[in-house]
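> Numbering (numbering that gives the first Met the number 0), first residue to last: 0 to 574. Can you keep this structure in mind? I'll have questions shortly.
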Amino acid sequence: MKAKPRKRLGEILVDKNLLLPEQLDTALERQKQSGRRLGQVLIDMGFVSHDDVMGAISEQTGIPHVHLRKGLVDPKIVSIIPSETALTCKVLPLFKVRNTLTLAMADPADLFTIDNIESLTGCNVQPVQCRGEDIETCIREYYTEGLEMEDFIESFEATDVQVADAPVEDLSLVEEAAEGARVINLVNVIMLNAIKEGASDIHIEPDLAACRIRYRIDGVLQEVMTPRADLHPSMISRIKVMAKMDIAERRMPRDGRFRVIAEGKEVDLRVSTMPTVLGEKVVIRLLDKGQLTLDINRIGIDEQTLTRVKRVLSKPHGIILVTGPTGSGKTTTLYCGLSFISSIERNIVTIEDPVEYQIPVINQIQVDEEHGLSFAKTLRSVLRQDPDVIMVGEIRDRDTAEVAIQAAMTGHLVLSTLHTNESAGAISRLVEMGVEPFLLTSSVIGVVAQRLVRTVCGHCKTNFFPPREVLERIGWKGSNTTFVTGRGCERCFDSGLRGRTGIFELLEISDPLRERILIDPSLPSIRAGCAESGMRSMKDEGFRLVEEGQTSLEEVMRIVFVEDVVNEMAIVEGG
């Protein structure tokens, strides 16, 4: 039986209604004159796009085509092919599974190149088709990122990052280790890139083969660089020098801070070191004052909830709690609340650990547990300073809770945070600490629970349609069944998500809820009271963001802890 003849490229494009027959005839005439490939002629004449041609070639050859992006490339496997060979042949190793190497190629029909790569690597090559320009861009990026980044580091200008409060002590003992141009420039590269990417934290970790650099971007860690392992000690020493820390102390955790001026703005950096079996790990928290939003109208609270939050903040006394896990933006919400009610006529005092941002007209106190300055002790002293509003960074124990309640019941407005998963959980958590329910009903006036959800990347946003049974399982009640998700691209580190916004729920303590707390302060009872009052939950608010196209359904389900459908949603969105 004769094999079915393979369709020509032009025929495929015409069959797909991407090209008119008369356009194909014109392009074939041009191809005869120039001797170039038909696909390139069609692109140059503007008849079809590069992606159209790639798709048609993929259908013709049976070789898939992909869009190159960071998530597709395993940085550890790139060095299996020398950079000169990769550039000459326009190929890039993507990843390796057992003895099969998936290889991005500009011309996957080039059997000679495939044979050469198989001989060079000892692997079976699985080619995929990619744009030649994209391959060249990735080669320049990945062959300078890892252990071969010295040229890039040497070319970096030390003045691109300036330490705003440079140390003045004698550094002669560490000059050789930490003051070399390469180490200074490497540390500057790490900080500057983190600021450009909008990272909240930098993790510098020792490993057996290399030093691992990771950024926390939108709440998720991303590996960005792997310098040589022998550079790690001098990098840590350089950071300690900048933060005025003792570089000789490597066996105990230490904290420090410094400021840098980069990209024309001033950024505070908090440094924390921790000894590990392979050396010291450093985490640097970046506090960009230029990105700090102290406007309560701009942190993502919907209009209806915002009106109620402002009403609670305007009350003259009582306790307002903000709850959520670490990194959910509680402190920012408190700062916004203080900014909303701040005036020259009010004495506002904050007790924090640590003080993250300095705010005008507000007296901020740094807790120092090592010297006996705890939250509870500081709060008692603050009550003798004639305060109108007090912010307590966190209620950690019964002692602090009882002093805060006392302050609220004697005419002060108290704002604080708790680590609970929902607003209803704040009441039961305080009861578990040993606070009497009647004290809570007399003092607590509102609880705000919040989360931060990542928003869909605007550069790779696309629609998807989950099955009806999945929507039924998660309790979807909206009329819209067309949702958005991100395909993944270089700008969002292949996650499909970039940037964050807030999900908020507000529990106002009404008279019926006070009675319920006095009778039964358990979490199920308080939840039932919230439902009876018609309170909008974080899940409802998350669904609102999904319906508005701001975030993905999977992201909301991940944040509001519907664990049993998160994996299924990931499969549906990814497919």
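We put the CB at the ideal spot given by N, CA and C, even for glycine. In this text, all values refer to a predicted model and were calculated from it rather than measured experimentally.
Using three-state DSSP, classify residue 329 as helix, strand or coil.
Helix at residue 329.
> By DSSP, does residue 308 sit in helix, in strand, or in coil?
The answer is helix: DSSP assigns residue 308 an H, G or I state.
> I'd like to confirm the pairing. Which residues does DSSP put opposite residue 205 in its beta bridges?
According to DSSP, which records beta bridges pairwise, residue 205 is partnered with 210.
> Between which two residues does the alpha helix (DSSP H) holding residue 31 run?
20–33 is the span of the alpha helix (DSSP H), which, as asked, contains residue 31.
> Closer than 7 Å by C-beta to residue 407: which residues in its own chain qualify, once you throw out the five before and the five after it? Chain order, please.
Here the set comprises 316, 317, 318, 413 and 442.
> Only counting the same chain, and skipping five residues up and downstream in sequence, which positions put a Cβ closer than 8 Å to that of residue 542?
Closer than 8 Å at Cβ, skipping near neighbours: 475, 476, 477 and 555.
> Could you check the C-alpha separation between residue 374 and residue 208 for me, to the nearest Å?
Going from the Cα of residue 374 to the Cα of residue 208 covers about 43 Å.
> By how many angstroms is the C-alpha of residue 537 removed from the C-alpha of residue 425?
Distance between the alpha carbons of residue 425 and residue 537: 15 Å.
> Could you tell me the distance, in whole angstroms, from the CA atom of residue 30 to the CA atom of residue 39?
Approximately 9 Å between the Cα atoms of the pair.
> In angstroms, rounded to a whole number, what distance separates the CA positions of residue 133 and residue 482?
Taking the straight line from one Cα to the other gives about 30 Å.
> Quick check on residue 370: buried or exposed, where buried means 16 or more other Cβ atoms within 10 Å of its Cβ?
Residue 370 should be labelled exposed.
> Can you tell which of 52, 388, 323 and 352 has the C-alpha that lies nearest to the C-alpha of residue 346?
The shortest Cα separation from residue 346 among 52, 388, 323 and 352 belongs to 388.
> Are residue 197 and residue 501 touching if we call contact CB-CB under 8 Å?
No, Cβ-Cβ distance for residue 197 and residue 501 is not below 8 Å.
> Which partner residues of residue 490 appear in the DSSP bridge assignment?
DSSP, once it has assigned bridges, lists no residue as partnering residue 490.
> Could you name the residues of the same chain whose beta carbon sits closer than 7 Å to that of residue 398, not counting the 5 residues immediately before and after it, in chain order?
The residues are 375.
> Helix, strand or coil for residue 293 per DSSP?
Three-state DSSP puts residue 293 in coil, outside helix and strand.
> For chain C, is any of its Cβ atoms less than 8 Å away from the one on residue 353?
The question asks about chain C, but that chain is absent: this structure has only one protein chain.
> Buried or exposed: residue 517, going by 16 or more other Cβ atoms within 10 Å of its Cβ?
Its Cβ having fewer than 16 others within 10 Å, residue 517 is exposed.
> Assuming residue 104 is part of the beta strand (DSSP E), what are its boundary residues?
Unbroken beta strand (DSSP E) run through residue 104: 99–104.
> Can you name the residues that DSSP bridges to residue 136?
Looking at the DSSP assignment, residue 136 forms no beta bridge with any residue, so it has no partner.
> Does the beta-carbon of residue 19 have 16 or more other beta-carbons within 10 angstroms, so that it is buried, or is it exposed?
So residue 19 ends up on the exposed side.
> Pick from 194, 28 and 513: whose alpha carbon is nearest that of residue 528?
If we check each option's Cα against that of residue 528, 513 comes out closest.
> Could you give the DSSP three-state label for residue 84: helix, strand or coil?
Reduced to three states, the DSSP call for residue 84 is helix.
> Taking DSSP as the reference, what is the three-state secondary structure of residue 357?
If DSSP states are grouped into helix, strand and coil, residue 357 belongs with coil.
> Kindly list the residues whose CB is nearer than 8 Å to the CB of residue 439, restricted to its own chain and excluding five residues on each side of it in sequence; keep chain order.
The residues are 404, 426, 429, 430, 516 and 520.
> Kindly indicate which residue of 90, 221 and 278 has the alpha-carbon position closest to the one of residue 248.
Checked all of 90, 221 and 278; the closest Cα to residue 248 is 278.
> Can you tell me the Cα-Cα spacing of residue 302 and residue 311, whole angstroms?
For residue 302 and residue 311, the distance between alpha carbons rounds to 14 Å.
> Nearest CA to the CA of residue 93: which residue from 106, 84, 78 and 83?
Among 106, 84, 78 and 83, the Cα nearest to that of residue 93 belongs to 78.
> Is there contact here, the stretch 503–510 with the stretch 267–275, by at least three beta-carbon pairs under 8 Å?
Cβ pair count under 8 Å is below three, so no.
> Taking buried to mean at least 16 other C-beta atoms within 10 Å of its own C-beta, is residue 562 buried or exposed?
Confidence at residue 562 is low in this model, with a pLDDT of 43, below 50, so the placement of that residue should be treated as unreliable; the coordinate-derived value is given next. That one is exposed.
> With distances taken between CB atoms, is the gap from residue 244 to residue 210 smaller than 8 Å?
No, the Cβ-Cβ distance between residue 244 and residue 210 is not below 8 Å.
> Tell me, which residues are paired with residue 460 by DSSP?
485, per the DSSP bridge assignment.
> Based on the DSSP secondary-structure assignment, which residues constitute the bridge partners of residue 349?
Note: residue 349 sits in a beta bridge opposite 363 and 390.
> Can you tell me whether residue 549 is buried or exposed, with buried defined as 16 or more other CB within 10 angstroms of its CB?
Buried, because 16 or more other Cβ atoms sit within 10 Å of the Cβ of residue 549.
> Identify the continuous alpha helix (DSSP H) that holds residue 112 and give its terminal residues.
Residue 112 -> alpha helix (DSSP H) spans 110–120.
> Per DSSP, residue 219 forms a beta bridge with which residues?
Answer is 216.
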